[in-house]
Amino acid sequence: MTLVIELDAAEATDPGLVGGKGAAMAMLARHGLTVPPTLCLTTRAYELFVDAAGLRSVIRQELGRKNFADMRWEEIWDTALRIRNRFLRAAVPQQVEDELAERLTGEFDSGVLAVRSSAPGEDAEGASFAGLHDSFIGVRGQIEVLDAVRSVWASLWTDRALLYRRELGIDPDSSTMAVVIQRLVQGEVSGIAFGVHPAQAQLAAVEAVHGLNQGLVDGTIEPDHWAIDAATGVIIEHRPPSSRRRLVLTGDGPRTEEPADLPPPLDENQLHQVIGAVGAASALFGSPQDVEWTIARGQLVLLQSRPVTTGAADGNDKRAWYLSLTRSLDNLRGLRRRVEDELLPAMDREADDITRRRLDALDNHELAVEIDQRRATHDRWVDVYWRDFIPFAHGIRLFGQFYNEAVRPDDPHEFMTLLAGTPMLSLERNRRLAKLAAQIRNQPGLRSSLEGGTVDHPQFSADLEAFLDDFGDAVYANRSCFADRRGLVRFLLAMAASPPVAEAYVANDIERMAENFLASVPAERRAMAEEVLDVGRSSYQLRDDDNIHLARHKALVIAAVDEGRLRLADARPDDGRMADPDQVIAALRHPNLVVEPPPEPKTLETEGRLRPQPRQLVGQPAGPGVATGPARLVTGVDDLFDIRAGEVLVCDAVEPNMTFVVPMVSAVVERRGGMLIHGAIIAREYGLPCVTGVPDATARIETGDRLTVDGYLGIVTVSRDD
Amino acid sequence: MNHDPSHLEILRELLAGQLLGVLGTHHDGEPYTSLVGFAATPDLNRLLFATGRATRKHANLVADARASMLVDNRTNLPADFTEAAAATAVGIVEEISTDERFLFDEIFLTKHPHLESFVRSPSCVPLRLQVSVYMVVNRFQHVIELHFD
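Below, the structure is given as C-alpha cells:
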C-alpha cells in the first residue's frame, strides 16, 4: 500500500484517495498546465493515523457532549481545540513517517514547501468549501512537514468545518483527509481567477496582489480586481484597492509590507495569460473554475483549481460572519490600534458628555427625546462592539492555537493561565470592592452603623463615591446595580463577613510559563511568538473591558428611562409596571396613552405527571477544580446582592458587569457555553471550578440545591432534599 | 439533529422499544441482577415482568420488595458512549393481583406474545415494579430524575 504518490501516478486523479485539491492538480498537470512539484499523502495515511491513535472515539465523544444544534460558536471552537490538541499530541505511525522520509528528498528536502489540506468531496461541483480546512506555507524539512501534516489532518475538525458539518457530511467513522505537499512557488504576483464572475455570468474575473496570495485568500490584503468579457476578452472594469500591500515570506513566517507606489500587479498581457489558463482549466473540468495562480520569474503556475460556487448568501445564516472572526496576526495588529487608540477613548468621551446633561432640567417631551438619543448612541456602540471589539477579542484564539502548536500541553486550555493576571477593569473593580469590605471588616463601628442603615463615616462614604465615580454604574438584566446604594452596602457587609479572597494567579508562575512558551518556539519565530502573546493579552483584556465601557452607555439609557418611569409613576400610579422603554417614551409624549401589561416570562415545559429533577448535568469544563456548595440562582440584581460566601453562582450568562460577585462564590455554572466567555475567564482568575454550556441550567437548578461542580470533566451534580 | 429529545421522550422510547431490562434485587445485602422481559403501562408508573417461583430473583423479592430495573439501547459499539441512553427505574415489586391480571395479559403479552405459555404456567409469577423514580441518562453522563408525585 503506497501512502505517498506523485501526480503522474494512475491513482492521482481519484479524489477519494488524494482529495479534491490533489485530484485537480493531477488533472492540470496531465493536460500540460504548469503546477508546482507536488506529492500527495493519501487518505489511507489519515486512516492509519486516527485508527492507531484511537482518535475516532475521541472525536465522537467530543461531538456527542451535547446536541450539536445547541452548541454556541465558542463551544464549537473549544471542541475543535480539544480535538486538534489530541491530533497534535498523537504519534504518527512509523509506516507513514518512513514513507514520507523516503519521498521527501531532493527539492522537497531542501526547499520551502506548502502543505495543503485536500479533503475528498470538499471541491465537488456545487459544494466548494474553500478555506474550512488548514494549509501551511513556509514549511521546511521533514520534521516540520510531519507537524504540518498532523495539523492538516486535525483541520478536518476545525470549528469552521464543524459549522458546516451537515453540508460537508462530516462523520467520525467515514470522513478522511489527504494532504498535498508542494514546493512553494514564491511568485512576484499572485491571485485568483474566476471562470465566471461571481456577480455576472457573462464575465470572468481576476483578482491579483503582489507577493504571495495567502493574504488575498484569507482576506487581509485587498486585491486589484478586473472584470473581463469572457467571450471577447475585453477588459470591462479595473478596480484598484484602496492601498496596495504585499505578503512576503520571512524567517518569522509571512509578513505584510506596504512599499510606496506599487503599480497594478498585472499588465494586460499577463491578465490575458491568466484568463487563458482559467479558461483551459474550465474546459478541462467541464465547469467554470476558481483557480489560484502565481507568476514566478515570468512563468504562470497554477496552485489549485476548483469549481466556482455562487451560492446566494442566506440572510439568517450567521456562519459567514463567524468565519470572518478568524483573523491573521497582521489584521489583529491594525484592529488593536483602532480599538485601543480610537474607539475606546471615543466611547468614553461620549459617555462623559452625556453624563454632563442633567435629566432633571428636561421637561417630559425633552426627556423622551433624550431617551431616544441615548438609546441611539448605545446602539451605535453595540454595532461597533460586534464589528470591531468581538473580532479583536477573538485574537485570544490566535494565541491559543499558536501556544498549543508550540507547547503541545496536556490541557488544551493551558494558554488561558498564561493570560491570567492581565490587567482588567473587572479585576481592578473587585480589588477596590475588597478594600471597601476590608474597611468594614476592620472597623466594628462602621459595620454596626451600616447594618443599622446609616453611614456616619466620612472616609468610607468618600471611598464608596470614588469607587462609583471611577467605575460607573454596572447594569445587569436591564437594571442598574449601584444606583441604589443599599444593595451595594448589603453586598459589602456580606463580603466583610467572610475572609478576604486572593486572585489565583501567581506572577512568578506566569513568568515561567511565558519563558517556557517562548523557549518552545524556534529562534527565528520568537519575535512573532512574543507579538502573538502580546496581542493575546490585549484581546483577553478587551474581552472583559469592552463590556464595562459599553455598560456606561447602557446605564445612561437606563437612568433616563428610570427618570421617565418615576415621573409617570407620580402622574399615573397604576402604570408603574411599564417595562418597555418605548412605552415610557410614548407615555411621556402622550399622557393619555393606555399601556399593555408585560408578557408572562416563559418557563420550562413540564413533563406530564412525572416531575423532572436534575441529578447530573453535563456542560463544558471551563475552569479546573471541584467544589461543593449551595446553589445561588441569579436572574436579577437582587439575586446578585443576596449572594453569600461559598455559594455556587448559577446563571444564564456571567456578564462582565456582574463579575464583582465572583470572588464571593465557590464555583460558577452557566448555561452559555465556552472557555473564552467572561464566566470562565473570571473564574480562572480566582482559581474557581467553572462549568459552562449547561443546557437549561437556570431552569433546572434552584437556589439552595446542593451542587458539586466538577470543572475538570464539565459536570454539575445536583442533590435536592424532597 | 435540531431537536434534543426531552428525557421523558427518551424514557418513552426506551420503555416502548426495548424488550429486555436488567432487574436488580438483593438478599441480605448480596446484590443480584437478572435479565427480564418487561412491558410498561401507558402511564409509565408500572413495569410488568414475570419469573418462575423458584428463581433466585423471586426469592430475593419475597424477602425485600425493593428493586431497580435498567433499560438501555446500547448496541455494543464505541458510539454507545455518546449515543446510547439508559433509564433506571427504582421502586417496589408486587405480585399482580387477580384484578390486574387482564392488564398484564393485555400489555405484557401484546409485547411478548411468544412468552404466553411461560406466563400461563402455574409456576410463573406475574409481577409489577411500582416505580417511584426513573433516572434517565443520555450523552454519557447527563442524568435527569423523573419522579412520580
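Heads up: the protein sequence lines correspond to chains A and B, in order.
Numbering of the first sequence is given in the numbering used here, commencing with residue 1 and proceeding in unit increments.
Numbering of the second sequence is given in the numbering used here, commencing with residue 1001 and proceeding in unit increments.
Glycine is no exception: its CB is placed at the ideal position from the N, C-alpha and C atoms.
Note that the structure is a prediction, hence the values are computed from the model and not measured.
Which residues DSSP lists as bridging residue i, in chain order
| i | result |
| --- | --- |
| A631(A) | V648(A) |
| L39(A) | E6(A) and I181(A) |
| Y164(A) | According to DSSP, Y164(A) bridges with nothing at all. |
| H1026(B) | P1031(B) |
| D710(A) | V626(A) and I715(A) |
| R1069(B) | Looking at the sequence provided, one finds Met at residue 1069(B) rather than Arg. According to DSSP, M1069(B) bridges with L1023(B) and A1089(B). |
| H225(A) | E207(A) and R239(A) |
| E1095(B) | L1127(B) |
| E292(A) | I192(A) and Q304(A) |
| E670(A) | C651(A) |
| R611(A) | H1147(B) |
| P621(A) | V691(A) |
| F1102(B) | DSSP, once it has assigned bridges, lists no residue as partnering F1102(B). |
| L113(A) | V139(A) and R183(A) |
Min CB distance residue i to chain A below 8 angstroms
| i | result |
| --- | --- |
| Q1130(B) | no |
| I1096(B) | no |
| R1120(B) | no |
| H1147(B) | yes |
| P1042(B) | no |
| E1013(B) | no |
| P1078(B) | yes |
Collapsed DSSP secondary structure at residue i in the structure displayed
| i | result |
| --- | --- |
| A420(A) | coil |
| Q1130(B) | strand |
| H1058(B) | helix |
| V407(A) | helix |
| D721(A) | coil |
| E342(A) | helix |
| Q1141(B) | coil |
| V475(A) | strand |
| S118(A) | strand |
| L1148(B) | Note on residue identity: the sequence assigns Phe, not Leu, to residue 1148(B). The answer is strand: DSSP assigns F1148(B) an E or B state. |
| I170(A) | coil |
| F660(A) | helix |
| F482(A) | coil |
| L1048(B) | strand |
| P347(A) | Reading the sequence as shown, one finds Met at residue 347(A) and not Pro. Three-state DSSP puts M347(A) in a helix. |
| V18(A) | helix |
| A504(A) | coil |
| M71(A) | coil |
| V455(A) | coil |
Residue i: contacting residues in chain A (beta-carbon distance under 7 angstroms)
| i | result |
| --- | --- |
| M1135(B) | R615 |
| V1143(B) | R615 and Q616 |
| A1016(B) | The premise fails here: A1016(B) is roughly 15 angstroms from chain A at the closest Cβ pair, so nothing lies under 7 angstroms. |
Chain B within 8 angstroms of residue i, Cβ atoms only
| i | result |
| --- | --- |
| I787(A) | Only positions 1 to 722 of chain A appear in this structure, which leaves residue 787(A) out of reach. |
| K21(A) | no |
| K602(A) | In this predicted model, K602(A) has a pLDDT of only 49, less than 50, meaning its place in the structure is not dependable; the value taken from the coordinates is given anyway. Answer no: the Cβ-Cβ gap between K602(A) and chain B never drops below 8 angstroms. |
| L343(A) | no |
Expected contact under 8 angstroms - CB spacing of residue i and residue j to nearest Å
| i | j | result |
| --- | --- | --- |
| L7(A) | T38(A) | 5 angstroms |
| S190(A) | W293(A) | 7 angstroms |
| Y476(A) | V584(A) | About 20 angstroms; that fails the 8 angstroms criterion. |
| L17(A) | A178(A) | 7 angstroms |
| V709(A) | A667(A) | 4 angstroms |
| L617(A) | H1142(B) | 6 angstroms |
| L588(A) | A368(A) | 4 angstroms |
| G400(A) | F415(A) | 5 angstroms |
Chain-ordered neighbours of residue i on chain A, where CB pairs are closer than 8 angstroms
| i | result |
| --- | --- |
| F1081(B) | S57, R60, Q61 and G64 |
| D1072(B) | Under the 8 angstroms cutoff, chain A gives no residues; its nearest Cβ is about 16 angstroms from D1072(B). |
Amino acids of chain A, ordered along the chain, whose beta-carbon sits closer than 9 angstroms to that of residue i
| i | result |
| --- | --- |
| P1113(B) | Chain A residues near P1113(B): none, gap ~29 angstroms exceeds 9 angstroms. |
| R1139(B) | G64, R65, K66, N67 and V618 |
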